[in-house]
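Have a look at the structure below, then the notes.
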Amino acid sequence: MKWYITKRLLWTLVAAWIALSLTFGMLAASPNQGQMQATMSCAAVGEDPEECREDFRERNNLDAPITERYTNYMINMVTLNWGWSESRSQDVIGAILSAWPYTAQYAIPVLLISTVIGYGLGLYSAYKPYTKTDYAASFVSFFGISIPNFWFALILILLLGVPLDIIPTYYNSGVPVQQGWFSLTNFQQLLIPTFVLLTASLAFQMRYCRAQAIEQMNQEFVKVAKAKGASDYRLMIWHVLRMAAVPLSTSLVSRLLAVFWGGSVIIEQIFAIPGLGLLSFTALVEQDTPLILGTTVIGVLLAILGNLVEDLAYVVLDPRIDYGDR
Amino acid sequence: MATDSFENIDWDDQEVSTINVSRTTFVELGLFALLLGAFLYDYLIIQNEGPLVANWDVLSTDWLFIATLITMFFHIVLPLYQNPRMRRFYWNRFKKNQIAVLAGVFLVFIFVVGVVGPIVMDPPEVRFTNRIVPPAGITATIGGATKTGTMAAPLGTDAKGRSILKLVVYGMRVSMQVGLIATTFTVVIGALVGAVAALATAIDVGWLDEVLMRYVDIQAVFPSFLLLLLLVYLFGAQLWIIIMVYSLLSWEGVARTVRGEALQRSSEAYVTAALASGANMMYVVRRHLIPNSANSIIISATVSIPGFILGEAGLAFLGFSDPTVFSWGRTISNGQTNLSQAWWISTIPGIFLFLTVLSFYYVGEALRDAMDPRQQVDSGGGGL
Chain A
1 MKWYITKRLL
11 WTLVAAWIAL
21 SLTFGMLAAS
31 PNQGQMQATM
41 SCAAVGEDPE
51 ECREDFRERN
61 NLDAPITERY
71 TNYMINMVTL
81 NWGWSESRSQ
91 DVIGAILSAW
101 PYTAQYAIPV
111 LLISTVIGYG
121 LGLYSAYKPY
131 TKTDYAASFV
141 SFFGISIPNF
151 WFALILILLL
161 GVPLDIIPTY
171 YNSGVPVQQG
181 WFSLTNFQQL
191 LIPTFVLLTA
201 SLAFQMRYCR
211 AQAIEQMNQE
221 FVKVAKAKGA
231 SDYRLMIWHV
241 LRMAAVPLST
251 SLVSRLLAVF
261 WGGSVIIEQI
271 FAIPGLGLLS
281 FTALVEQDTP
291 LILGTTVIGV
301 LLAILGNLVE
311 DLAYVVLDPR
321 IDYGDR
Chain B
327 MATDSFENID
337 WDDQEVSTIN
347 VSRTTFVELG
357 LFALLLGAFL
367 YDYLIIQNEG
377 PLVANWDVLS
387 TDWLFIATLI
397 TMFFHIVLPL
407 YQNPRMRRFY
417 WNRFKKNQIA
427 VLAGVFLVFI
437 FVVGVVGPIV
447 MDPPEVRFTN
457 RIVPPAGITA
467 TIGGATKTGT
477 MAAPLGTDAK
487 GRSILKLVVY
497 GMRVSMQVGL
507 IATTFTVVIG
517 ALVGAVAALA
527 TAIDVGWLDE
537 VLMRYVDIQA
547 VFPSFLLLLL
557 LVYLFGAQLW
567 IIIMVYSLLS
577 WEGVARTVRG
587 EALQRSSEAY
597 VTAALASGAN
607 MMYVVRRHLI
617 PNSANSIIIS
627 ATVSIPGFIL
637 GEAGLAFLGF
647 SDPTVFSWGR
657 TISNGQTNLS
667 QAWWISTIPG
677 IFLFLTVLSF
687 YYVGEALRDA
697 MDPRQQVDSG
707 GGGL
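If you read the protein sequences in the order shown, they are chains A and B. All letters in the first sequence, in the order written, are residues 1 to 326 by the numbering used here. All letters in the second sequence, in the order written, are residues 327 to 710 by the numbering used here.
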């Protein structure tokens, strides 16, 4: 098992290296937006665009051989020297560090609530499949998956935010600084964004848990437990959920990250929450290449790290898995 | 989908040769050649300037869409038409879910209107004299002036005076193009990779399986929406680029499903027999493994369509999609500024987007119930 964990850690490093290299490759292969912008802004003030282009290339070391640029890029990435964000006049790491609490304040509750309630409803659906309750639960989850979160947010603003004054329609980022993260005002203004994201991730968790639990319901050990007189509660939680947790955990992080990276960019843009999503959105709008690179790499690294945690959870959850050959 | 029963096997078609072309395949290849020819003519000879046929200037996404439709016709519609027994069997199981039947009818409607609508209807045009008019029969106060909608624009107009009805119809085509093209590409890539990986394990080239599936693992954890934003930023926002990038980043689900399915199949006697009589790897994959995993492929494909549609709409909402196409996401985003005055601009396209996505999920669910032999469809209710 130690060997498995070591191998898994090494694999994480390899995956991170591949991801970083791919990002470098994409940046190198694409037309350089920064250079185009520099040239255009020079032409706008009447300087020689060609000279500016040369200047830009020299400043960013673009004429160096590709191997040298690759080495520099990798060293900068590893030493957390992620460059300077022109649009925010701040270094990229600093911008990310100041943004993440705004995302975490709603992301963590959404994660916890959607997992607990989603698994609960999923197990209940699996316990009595093809009944009225199951169909109702199915409808709710299809609704949650299908409704576009940006549209849902607008509808909620229209229905709740506009007529009711107590629910703010956009986020005031001064509140956590003045009144604290856990103040009532902060809670109020996070209500709609959290609810919108919750519907989507809750539905995902529920669908998936139901499917996995139904697979387990037909297994021998469930019948044995039933025959031995295990109560419904014990049967579902102790036997079915325990086994379903193995496949569930393998996709938990990647699914949630997919919901978030899609969702948080959109939600933070609608409600003006200055978190990681809005950071990458403004970076794209302002064409701020170092910041775009930084936010993308953070996302990818989080995903790889999450994958590692999932695989380690395997070891704890399913003692039957053989680690000899993996 | 080709489930040959004993009676209707065309024995001429069963020769173990890789360059054996049946009549339908021949027609299909012919159509693709024709399409390629027209494409080359459009791009090389008339340099994509001016319309190609009559008034219709075929654009890059349209080429991909036509190719997708040809593929779908020859691999879904035609086999179903030629095999009435199979058609009846699946239809009997499918129609037990009444909501899914309704959803299917709705999707056919969206598809037909989306394909035909933009041909017979002029594109939405900007008319500032006609700004923010409510839907027919509804009276609203906009900026102090009271307006009542007329049948000139049955669903009202947006802040630039474009008819919402036209925006919705043009948006149908965009959504269908995104969903169908991207799914076709993910199915082709995913099925190929999955089947090759499974067969590699079966014929003792385990390293190939390991390499392919490890790559699939990496791709699965990659946040594709974020990466899509990056790529759109780097390579420009054109609809066909978005579709291609999206599908290149999302085939891992199909690959995993097909690998799992094909792994079971590749230990079957008929694969051993085919390999023993000298069939090469691609032949076994194409002839045995992929057709026999068709059910799971179709199920996972149907479920992935709405994901693509939502993804493109989200991208368009953020303003990163192709500015030349009328995506629903963009119309919703444009309505955001006038939300409290003119609710119809964002709401109406949103309802269509929501119902389209919901319908795909319902149809996918019913297809799973109908095609997966492990599922027992009970006669009661079905759906809600």
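Beta carbons: idealized from backbone N, C-alpha and C, even for Gly.
ask   = Run through DSSP, which three-state label would B:Ser736 get?
value = Shown here, chain B extends from 327 to 710; a query on residue 736 of chain B therefore has no answer.
ask   = At a Cβ threshold of 8 Å, is B:Ala592 touching chain A?
value = The displayed chain sequence assigns Ser, not Ala, to residue 592 of chain B. No, its Cβ sits nowhere closer than 8 Å to a Cβ of chain A.
inquiry  = If contacts are defined as beta-carbon pairs under 8 Å, then B:Gly558 and B:Phe646 qualify, I think. What distance do you get, rounded to the angstrom?
reply    = For the sequence presented, residue 558 of chain B should be read as Val rather than Gly. The Cβ separation is near 5 Å, so the contact holds.
request  = With B:Thr465 as the anchor, note down where its beta strand (DSSP E) starts and where it stops.
outcome  = 465-468
task = Residues of the stretch 628-641 of chain B with a CB closer than 8 Å to any CB of chain A: list them in chain order, please.
result = Pro632, Leu636, Gly637, Ala639, Gly640
key: Inter-residue Cα distance where the pair is A:Ile75 and A:Met26   = 18 Å
ask   = Looking at C-alpha atoms only, which residue of A:Leu305, A:Leu284, A:Ile304 is the closest neighbour of A:Thr295?
value = A:Leu284
request  = For my contact list, B:Ser630 and B:Thr509 are in at a C-beta cut-off of 8 Å; report their separation, rounded to the angstrom.
outcome  = 5 Å
ask   = Are the Cβ atoms of B:Ile402 and B:Ala521 separated by less than 8 Å?
value = no
request  = If I'm right that B:Thr657 touches B:Leu493 with Cβ under 8 Å, what's the distance once you round it to whole angstroms?
outcome  = 5 Å
ask   = Buried or exposed: where does A:Asp311 fall if 16 or more other Cβ atoms within 10 Å of its Cβ makes it buried?
value = buried
query = Can at least three beta-carbon pairs, one atom from the stretch 1-10 of chain A and one from the stretch 530-547 of chain B, be found at a separation below 8 Å?
reply = no
inquiry  = Please tell me whether A:Ile66 has its Cβ less than 8 Å away from any Cβ of chain B.
reply    = no
task = Could you tell me which of A:Leu121, A:Pro49, A:Ser114, A:Ala211 sits nearest to B:Asp695, measuring between CA atoms?
result = A:Ala211
query = Hey, quick one: how far does the beta strand (DSSP E) through B:Ile598 stretch, first residue to last?
reply = Note that residue 598 of chain B is Thr in the sequence shown, not Ile. Per DSSP, B:Thr598 belongs to no beta strand (DSSP E); it is in the alpha helix (DSSP H), 595-602.
ask   = Thinking C-beta only, is B:Ser622 closer than 8 Å to B:Gly579?
value = no
request  = Measure the alpha-carbon distance for A:Thr380 versus A:Glu86 and round it to whole angstroms.
outcome  = Since the first residue of chain A shown is 1 and the last is 326, residue 380 of chain A is not available in this structure.
N-terminal and C-terminal residue of the alpha helix (DSSP H) that B:Ala692 is part of = 669-697
ask   = Distance, Cα to Cα, A:Leu121 vs B:Phe634?
value = 27 Å
request  = Compute the beta-carbon to beta-carbon distance between A:Ser264 and A:Ala107, rounded to the nearest angstrom, for a pair I have assumed lies under 8 Å.
outcome  = 7 Å
query = What does a CB cutoff of less than 7 Å around B:Met697 pick up in its chain, not counting 5 residues either side in sequence?
reply = Tyr416, Asn621, Ile624, Ile625
message = Applying the 10 Å Cβ sphere with the 16-neighbour rule, what's the burial state of A:Val177?
response = exposed
ask   = What separation, rounded to the nearest whole angstrom, lies between the Cα atoms of A:Leu305 and B:Gln545?
value = 14 Å
query = Where do the ends of the beta strand (DSSP E) carrying B:Thr474 lie?
reply = 471-474
query = Looking only at its own chain, which residues have a Cβ that is under 7 Å from the Cβ of A:Met236, when we skip the five neighbours before and after it?
reply = Leu123, Tyr127
ask   = Would B:Asp368 be called buried (16 or more neighbouring beta carbons within 10 Å of its own) or exposed?
value = buried
B:Val669 versus B:Gln564 - alpha carbon distance = Correcting the residue identity first, residue 669 of chain B is Trp in this sequence and not Val. Cα-Cα distance, rounded: 29 Å.
Minimum Cβ-Cβ distance from B:Leu693 to chain A less than 8 Å = no
ask   = Among A:Met1, A:Trp3, A:Ala16, A:Lys2, which one has its Cα closest to the Cα of A:Leu302?
value = A:Ala16
key: Rounded straight-line distance, which links the Cα of B:Ser653 to that of B:Ala393   = 21 Å
task = With 9 Å as the limit, tell me which residues of the stretch 668-682 of chain B have their beta carbon closer than that to any beta carbon of chain A; keep them in chain order.
result = Trp669, Ser672, Thr673, Pro675, Gly676, Ile677, Leu679, Phe680, Leu681, Thr682
query = Expressed to the nearest angstrom, what Euclidean distance is found between the alpha-carbon atoms of B:Ile436 and B:Ala462?
reply = 22 Å
request  = Within the same chain, show all residues whose beta-carbon is closer than 7 Å to that of A:Ala44, passing over the 5 residues directly before and after it, in chain order.
outcome  = none
ask   = Along the chain, where does the alpha helix (DSSP H) that runs through A:Ile113 open and close?
value = 92-127
message = Contact defined as beta carbons within less than 8 Å: I believe B:Leu665 pairs with B:Ser672. What is the distance between those atoms, to the nearest angstrom?
response = 6 Å
task = For A:Phe281, count neighbouring Cβ atoms within 10 angstroms of its own Cβ and tell me buried if that reaches 16, exposed if not.
result = buried
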